[in-house]
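Undergrad: Letter by letter, the sequence shown follows residues 928 to 1204 in my numbering.
Could you have a look at this structure, given as structure tokens, before my questions?
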Amino acid sequence: MTEITPREIVEPVQTKPAEEEDWKSFVTFCLKLVLIVLIFRSFVFTSFNIPSESMMPRLLVGDYLFAAKWPYGYSKHSLPLDAPLIPGRIFASQPERGDVVIFKHPIDNSDYIKRVIGLPGDEVQMVDGVLHLNGEPVGHERVEDFVIPMRPGDGCARARFEERQPDGSYACRYPQFKETLPNGVTYNTLDFGPEVADNTPPKIVPEDSLFLMGDNRDNSLDSRFAAEAGRGIGIVSQEQLVARASFMYFSTDGTAEWLKPWTWFTAARWGRIGQGI
928 MTEITPREIV EPVQTKPAEE EDWKSFVTFC LKLVLIVLIF RSFVFTSFNI
978 PSESMMPRLL VGDYLFAAKW PYGYSKHSLP LDAPLIPGRI FASQPERGDV
1028 VIFKHPIDNS DYIKRVIGLP GDEVQMVDGV LHLNGEPVGH ERVEDFVIPM
1078 RPGDGCARAR FEERQPDGSY ACRYPQFKET LPNGVTYNTL DFGPEVADNT
1128 PPKIVPEDSL FLMGDNRDNS LDSRFAAEAG RGIGIVSQEQ LVARASFMYF
1178 STDGTAEWLK PWTWFTAARW GRIGQGI
């Protein structure tokens, strides 16, 4: 007589709880990642891209840089959307002359980048295009011209600086000067010749404030001009500081096209990537 083996009872596979657990794990991972990024951008480094020519020749349109958050302390401007979670400024430290700083415009609160020229108590004046600090001219030495290829669709700041290159392309050739501040910091500036802001009345920098200027002296709306939304910045309170420019992590000359991936590489200014500010 043949033995009949009872049919094994197979329980259905329960997948729903496992799927829910996977989904919860993924959401938790994403939240942790967002939190880490927010902490990093708020208290360590933030990213900034150069939108104008006001800091040429050191910084060019198309440069992308990291800026350190900790050197000048933290305020609400350190946080996303300027969240008012930090009263005043904590761990505050004053910049040094020559620092390149990112700050909030005093009127419209947009991000700007300029160089620190005058500290509290300094008298700042431009005389015939030469910077004077506390009644004395700073070092001002003519160096070789700064030549930069024209960006697509752009011209030079003044038509007289346009120059045709041997290969048929066009570039801008600007007069360049090396400026040396009293603390020994040196950098290059551009000067287009006689302009409106080449002669200014002396200004005393108030306490807890800064006199900021662009290196492209005749193409920078800075502390020489009264604070106005989208234009001059006036003398800037140190409460407006966000970060100190540190180094470039990418740079593009503007010729890249999204639909032509190979141009993403040919447009990169590889020699600028990794440079300090």
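We put the CB at the ideal spot given by N, CA and C, even for glycine.
All of these numbers come straight from a predicted model, not from anything done at the bench.
Tell whether a beta-carbon distance below 8 Å holds between Asp1055 and Asn1115.
TA: Not a contact, by the Cβ cut-off of 8 Å.
Undergrad: For Asp1145, which of Arg1158, Pro1121, Gly1161, Pro1128 has the nearest alpha-carbon?
TA: Distance check between Asp1145 and each of Arg1158, Pro1121, Gly1161, Pro1128 places Pro1121 closest, using alpha-carbon atoms only.
Undergrad: Sorted by chain position, which residues of the same chain lie with C-beta nearer than 7 Å to Gly1157's C-beta, five sequence neighbours on each side aside?
TA: Asp1035
Undergrad: By alpha-carbon positions, which one of Phe1119, Val1163, Tyr999, Leu987 ends up nearest to Lys1130?
TA: Nearest C-alpha to Lys1130: Val1163.
Undergrad: Using the DSSP secondary-structure output, state which residues sit across from Tyr1001 in a beta bridge.
TA: BP columns for Tyr1001 point to Ile1017.
Undergrad: Is the Cβ-Cβ distance between Pro1003 and Ser969 less than 8 Å?
TA: This sequence places Lys at residue 1003; Pro is not what is there. It is not a contact, given that the beta carbons lie outside the stated cut-off.
Undergrad: Using C-beta distances below 6 Å, list every residue in its chain close to Gly1025, excluding the 5 sequence neighbours before and after it, in chain order.
TA: Leu1108, Val1112
Undergrad: Determine whether the beta carbon atoms of His1032 and Ile1160 lie at a separation below 8 Å.
TA: yes
Undergrad: Residue range of the alpha helix (DSSP H) that Phe993 falls in?
TA: Here Phe993 belongs to no alpha helix (DSSP H); instead the beta strand (DSSP E) covers 990 to 995.
Undergrad: Within 8 Å of any Cβ in chain C, is that where the Cβ of Thr955 sits?
TA: As a matter of chain content, chain C is missing from the structure shown, which is built from one protein chain.
Undergrad: For Pro1076, which residues from the same chain have a beta carbon less than 6 Å from its beta carbon, with the 5 sequence-adjacent residues on both sides left out?
TA: Apart from the 5 residues on each side of it in sequence, Pro1076 sits with its Cβ closer than 6 Å to the Cβ of Ala1098 in its chain, given in chain order.
Undergrad: Identify which residue in Leu1058, Asn976, Gln1021, Val1043 has its Cα closest to the Cα of Glu1106.
TA: Leu1058
Undergrad: Which of the three DSSP states is assigned to Gly1066 in this structure?
TA: strand
Undergrad: Enumerate in chain order the residues of its own chain whose CB-to-CB distance from Ile931 is below 7 Å, with the five nearest sequence positions on each side excluded.
TA: For Ile931, the pLDDT reaches just 49, beneath the cut-off of 50, and the residue's location in the model is therefore unreliable, although a value from the coordinates is still provided. Excluding residues within five positions, none has a Cβ falling inside 7 Å.
Undergrad: Express the C-alpha separation of Glu947 and Phe1027 in angstroms, rounding to a whole number.
TA: Note on residue identity: the sequence assigns Val, not Phe, to residue 1027. Straight-line Cα distance between these residues: approximately 50 Å.
Undergrad: At what residues does the alpha helix (DSSP H) containing Phe1119 begin and finish?
TA: For Phe1119, there is no enclosing alpha helix (DSSP H), since its DSSP letter is neither H nor E.
Undergrad: Name the DSSP beta bridge partners of Leu1058, please?
TA: Looking at the DSSP assignment, Leu1058 forms a beta bridge with Met1053.
Undergrad: Specify whether the segment 975 to 994 and the segment 952 to 962 touch according to this definition: at least 3 beta carbon pairs, one from each stretch, less than 8 Å apart.
TA: With contact defined as three or more Cβ pairs closer than 8 Å, the segment 975 to 994 and the segment 952 to 962 are not in contact.
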